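A.B. asks: Sharing a structure below in structure tokens format, with a few things to ask.
There are 2 protein chains.
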Amino acid sequence: MTPTDMPDIDVDPIRNGMDTAALFATIDAVRHAPEAGHFQFRAHNEWVRGTHNRGTIADFFGVGEERTHERTFVFNADHPAILVGQDNGPTPVEFVLHALAACLTAGLANIAAARRIKLTEVRSTVTGDIDLNGILGLDPDVRNGYSQITVRFTIKGDARPEKLRELVEQSRTRSAVYDVITNRVPVVVEVDTP
Amino acid sequence: MTPTDMPDIDVDPIRNGMDTAALFATIDAVRHAPEAGHFQFRAHNEWVRGTHNRGTIADFFGVGEERTHERTFVFNADHPAILVGQDNGPTPVEFVLHALAACLTAGLANIAAARRIKLTEVRSTVTGDIDLNGILGLDPDVRNGYSQITVRFTIKGDARPEKLRELVEQSRTRSAVYDVITNRVPVVVEVDTP
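Line by line, the protein sequences are chains A and B.
Under this note's numbering, the first residue of the first sequence carries the number 223, and numbering increases by one thereafter.
Under this note's numbering, the first residue of the second sequence carries the number 223, and numbering increases by one thereafter.
Now the structure itself:
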């Protein structure tokens with residue numbers, strides 16, 4: 223066979239550090255057993271002092287069973303001094319921006335691998351504008367959360383700019399965090415006072 | 223003056239580690255100069271490999287000027303092996319749950335301080351249910367993000383259970399992250415391909 227009549231099979235199954243064979247195997251597994259797609263993620267939190275609290279991420283449920291991450295992840299959250307905290311960690315709203323960047327970036331790498339595009343650099347900055355007149359209860363017309371979030375990507379890879387832009391567009395179409403932020407999620411709050 | 227006719231002023235300005243004088247000073251400052259309430263938070267992200275990427279939180283804008291946290295906070299995000307990652311950090315969607323717990327908890331401590339309730343313990347677990355048939359593109363009727371989020375608090379303090387529950391209710395009413403998750407935020411995505 224000459225190179226031109228070789229079947230269109232990629233000899234390197236891992237692109238951009240992404241194991242595309244495993245990815246397609248996962249998709250096939252869920253396709254054949256849709257209930258395997260039900261996941262529950264969890265975060266545990268313990269108040270420390272003032273606006274300082276500490277989150278722990280360790281356990282989750284997926285593909286029919288209880289699971290744990292390979293290690294327990296611990297994150298402090300706090301407010302900076304200007305917002306009456308001691309800056310022991312980012313503010314909660316900053317974690318939301320981090321989550322959005324992380325989700326769009328992971329998706330983009332997945333999609334690039336599936337499309338055989340080799341990425342060399344992906345950077346982003348997410349900004350969120352918020353008017354504290356809402357959260358401080360000073361103006362009833364101002365919401366508590368962000369009024370606007372903007373994501374700015376810089377992407378380099380072995381494809382035309384148009385193709386690189388399409389990766390971001392497809393990632394946005396399939397992003398869990400983008401969906402959570404742009405389409406509301408019902409939240410139930412329960413309180414136990416032992 | 224006898225203790226009974228002393229004015230109702232708290233001699234301990236810091237409750238639950240919260241500097242209530244500073245809190246009220248901040249509220250007053252924004253009341254008199256509403257534009258001081260405009261903040262912009264930011265997260266920067268760099269793709270590492272596969273679903274692994276790294277976020278940095280350092281700079282923000284508030285009360286009229288550029289500011290930086292006392293140190294730069296760095297967070298890895300990744301997928302676990304079962305979701306074709308290498309578990310170098312929590313998944314992006316787990317950071318969202320952490321953000322919600324952190325925001326409700328910080329608010330609760332603020333409100334308890336203002337109401338002169340001394341907290342001795344605040345713990346919470348946030349769970350988010352998600353069906354990956356959405357994100358994997360297998361079922362067009364399934365959304366990409368969480369279908370439901372549940373927050374379970376355990377709170378102890380020197381007030382009746384009813385008063386402790388009211389702290390959570392008021393915190394929810396004033397939570398930026400709760401607002402972001404339950405009421406959509408517009409997100410703009412821009413791409414530069416140098």
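For glycine and all other residues, C-beta sits at the position ideal for the given N, C-alpha and C.
Since the model is a prediction, treat every value here as computed from it, not as a measurement.
(1) Thinking C-beta only, is Gly284(A) closer than 7 Å to Phe261(A)?
(2) Nearest CA to the CA of His274(B): which residue from Asn238(A), Pro314(A), Ile279(A) and Asp414(A)?
(3) Hey, is Ile249(B)'s beta-carbon within less than 7 Å of any beta-carbon in chain A?
(4) Please work out which residues of its chain come closer than 6 Å, Cβ to Cβ, to Thr349(B), disregarding the five sequence neighbours upstream and downstream, and give them in chain order.
(5) Our contact map puts Gly367(B) next to Asn332(A) with C-beta atoms below 8 Å; I'd like the distance itself, whole angstroms only.
(6) For the beta strand (DSSP E) holding His320(A), just list the boundary residues, first then last.
(7) On the CB-based measure, 16 or more other CB atoms within 10 Å of its CB, does Asp230(B) come out buried or exposed?
(8) Going straight from the alpha carbon of Ala243(B) to that of Leu322(B), what length do you get?
(9) Return the CA-CA distance between Asp309(B) and Pro312(A), expressed in angstroms with no decimal places.
(10) For a cutoff of 7 Å on Cβ pairs, would you count Ala398(A) as touching chain B?
(11) State the DSSP-derived secondary structure class of Ser397(A), mapped to helix, strand or coil.
(12) Nearest to Gly359(B) by CA position, among Arg396(A), Arg293(A) and Ala334(A), is which residue?
(13) Helix, strand or coil for Lys378(A)? Go by DSSP, reduced to three states.
(14) Using only the alpha-carbon positions, how far apart do Ala280(A) and Ala255(B) sit?
(15) Residues in the same chain with beta-carbon distance under 6 Å from Gly277(B), minus the five sequence neighbours each way, listed in chain order, please.
(16) Going by alpha carbons, who is nearest to Val407(A) out of Gln370(B), Asp250(B), Lys385(B) and Leu330(B)?
(17) Beta-carbon of Asp272(A) versus every beta-carbon of chain B: anything under 7 Å?
(18) Identify the contact partners of Thr285(A) in chain B, using a Cβ-Cβ distance below 7 Å as the criterion.
(19) Could you tell me which chain B residues have their CB closer than 8 Å to the CB of Val402(A), listed as they occur along the chain?
(20) Tell me the rounded alpha-carbon separation between Val344(B) and Leu319(B).
(21) Can you give me the C-alpha to C-alpha distance between Val409(B) and Tyr400(A), rounded to a whole angstrom?
(22) Rounded to whole angstroms, what's the CA-CA distance from Pro416(A) to Glu384(B)? Just pull it up for me.
(23) I need the DSSP call for Ile357(B), collapsed to helix, strand or coil.
(24) Report yes if the C-beta distance between Arg374(B) and Thr342(B) is below 7 Å; otherwise report no.
(25) Could you check whether the Cβ of Thr273(B) sits closer than 6 Å to any heavy atom belonging to the ligand PLP?
(26) Check Thr224(B) in the structure and name its three-state DSSP category.
(27) My output table needs one value for Asp351(A): the three-state DSSP class, helix, strand or coil.
(28) Do you know how far the Cα of Leu330(A) is from the Cα of Thr327(B)?
(29) Could you tell me the alpha carbon to alpha carbon distance between Leu389(B) and Phe295(A), rounded to whole angstroms?
(30) Answer with yes or no whether the minimum CB distance from Pro362(A) to chain B is below 7 Å.
(31) Using 10 angstroms around the beta-carbon of Gly259(B), count the other beta-carbons present and answer buried if the total reaches 16, otherwise exposed.
(32) Would you say Ala323(A) reaches chain B, if we count a Cβ-Cβ gap shorter than 7 Å as a contact?
(33) Can you list the residues of chain B that Arg255(A) reaches, using a CB-CB cut of under 8 Å?
(34) Could you check whether the Cβ of Ser346(A) sits closer than 7 Å to any Cβ belonging to chain B?
(35) Taking the C-alpha atoms as reference points, what is the distance between Asp227(B) and Phe282(A)?
C.D. replies: Answer, in terms of the structure:
(1) As a first step, residue 261(A) must be located in the first sequence, where it is residue number 39. As a first step, residue 284(A) must be located in the first sequence, where it is residue number 62. For Phe261(A) and Gly284(A), yes; Cβs fall inside 7 Å.
(2) Walking along the second sequence from the start, residue 274(B) turns up at place 52. Of all alpha-carbon atoms in Asn238(A), Pro314(A), Ile279(A) and Asp414(A), the one lying nearest the alpha-carbon of His274(B) is that of Asn238(A).
(3) Looking up residue 249(B) in the second sequence gives position 27. Answer yes: the Cβ-Cβ gap between Ile249(B) and chain A drops below 7 Å somewhere.
(4) The residue given as residue 349(B) occupies position 127 in the second sequence. These residues qualify, in order along the chain: Thr372.
(5) Within the second sequence, the letter at position 145 stands for residue 367(B). Within the first sequence, the letter at position 110 stands for residue 332(A). Not really, about 17 Å apart at Cβ, beyond 8 Å.
(6) Here residue 320(A) is taken as the residue at index 98 of the first sequence, counted from 1. Note, His320(A): premise wrong, no beta strand (DSSP E); alpha helix (DSSP H) at Pro314 to Ala336.
(7) Here residue 230(B) refers to the residue found at position 8 of the second sequence. In this prediction, Asp230(B) scores a pLDDT of 40, lower than 50, which makes its location untrustworthy; the coordinate-derived value is nonetheless stated afterwards. With fewer than 16 Cβ atoms within 10 Å of its Cβ, Asp230(B) is classed as exposed.
(8) Your numbering for residue 243(B) matches position 21 in the second sequence. Your numbering for residue 322(B) matches position 100 in the second sequence. One C-alpha to the other measures close to 26 Å.
(9) On the second sequence, position 87 is the one that residue 309(B) refers to. On the first sequence, position 90 is the one that residue 312(A) refers to. Roughly 22 Å between the two C-alpha positions.
(10) Locating residue 398(A) in the first sequence gives position 176, where the first residue counts as 1. For Ala398(A), the answer is yes, since a Cβ of chain B falls inside 7 Å of its Cβ.
(11) The count along the first sequence starts at 1 and reaches residue 397(A) at position 175. The answer is coil: DSSP assigns Ser397(A) none of H, G, I, E or B.
(12) Reading the second sequence from its first residue, position 137 is the one you call residue 359(B). Of Arg396(A), Arg293(A) and Ala334(A), the smallest CA-CA separation from Gly359(B) is found for Arg396(A).
(13) As a working note, residue 378(A) is residue 156 in the first sequence. Strand at Lys378(A).
(14) For this step, residue 280(A) is matched to residue 58 along the first sequence. For this step, residue 255(B) is matched to residue 33 along the second sequence. Each residue's alpha carbon lies about 43 Å from the other.
(15) Taking the second sequence and counting its residues from 1, one reaches residue 277(B) at position 55. Here the set comprises Ala265, Asn267 and Phe297.
(16) Within the first sequence, residue 407(A) is the residue found at index 185, counting from 1. Closest by alpha carbon: Gln370(B).
(17) Taking the first residue of the first sequence as position 1, residue 272(A) is located at position 50. According to the sequence as given, residue 272(A) is Gly; it is not Asp. Closer than 7 Å: yes.
(18) Here residue 285(A) refers to the residue found at position 63 of the first sequence. A small fix is needed here, since residue 285(A) is Val in this sequence, not Thr. Within chain B, the residues near Val285(A) are Ile304.
(19) Taking the first residue of the first sequence as 1, we reach residue 402(A) at position 180. Those are Val315, Val318, Gly367, Tyr368 and Ile403, listed as they occur along chain B.
(20) Position 122 of the second sequence, counted from the first residue, corresponds to residue 344(B). Position 97 of the second sequence, counted from the first residue, corresponds to residue 319(B). Roughly 16 Å separates the two Cα atoms.
(21) Here residue 409(B) refers to the residue found at position 187 when the second sequence is read from its first residue. Here residue 400(A) refers to the residue found at position 178 when the first sequence is read from its first residue. If I take the Cα positions, the gap works out to 8 Å.
(22) Walking along the first sequence from the start, residue 416(A) turns up at place 194. Walking along the second sequence from the start, residue 384(B) turns up at place 162. When rounded, the distance between both Cα atoms is 12 Å.
(23) The residue labelled residue 357(B) in the question sits at position 135 within the second sequence. Helix.
(24) Residue mapping note: residue 374(B) aligns to position 152 of the second sequence, counting from 1. Residue mapping note: residue 342(B) aligns to position 120 of the second sequence, counting from 1. In this structure, Arg374(B) sits away from Thr342(B), with a CB-CB distance that is not shorter than 7 Å.
(25) Among the components modelled here there is no ligand, and therefore nothing to report on the ligand PLP.
(26) The residue given as residue 224(B) occupies position 2 in the second sequence. Legend: pLDDT at Thr224(B) = 35, less than 50; position of this residue unreliable, value from coordinates given subsequently. Coil, per DSSP.
(27) On the first sequence, position 129 is the one that residue 351(A) refers to. Strand at Asp351(A).
(28) Residue mapping note: residue 327(B) aligns to position 105 of the second sequence, counting from 1. Residue mapping note: residue 330(A) aligns to position 108 of the first sequence, counting from 1. Answer to the nearest angstrom: the Cα atoms are 33 Å apart.
(29) Locating residue 389(B) in the second sequence gives position 167, counting from the first residue. Locating residue 295(A) in the first sequence gives position 73, counting from the first residue. Rounded to whole angstroms, Leu389(B) to Phe295(A) spans 28 Å at the Cα level.
(30) Here the question's residue 362(A) lines up with position 140 in the first sequence. By this cut-off, Pro362(A) is not an interface position.
(31) Position 37 of the second sequence holds residue 259(B). For Gly259(B), the number of other beta carbons within 10 angstroms of its own is at least 16, and it is reported as buried.
(32) On the first sequence, position 101 is the one that residue 323(A) refers to. So, interface residue.
(33) Translated into the one-based positions of the first sequence, residue 255(A) becomes position 33. Rather than Arg, the amino acid found at residue 255(A) in this sequence is Ala. Simply none; closest approach about 10 Å.
(34) Your numbering for residue 346(A) matches position 124 in the first sequence. Taking Cβ atoms only, chain B reaches closer than 7 Å to Ser346(A), which makes this a yes.
(35) Mapped onto the second sequence, residue 227(B) falls at position 5. Mapped onto the first sequence, residue 282(A) falls at position 60. Because the pLDDT of Asp227(B) is 37, which lies under 50, any placement of that residue in the model is unreliable, and the number read from its coordinates should be weighed accordingly. One C-alpha to the other measures close to 55 Å.
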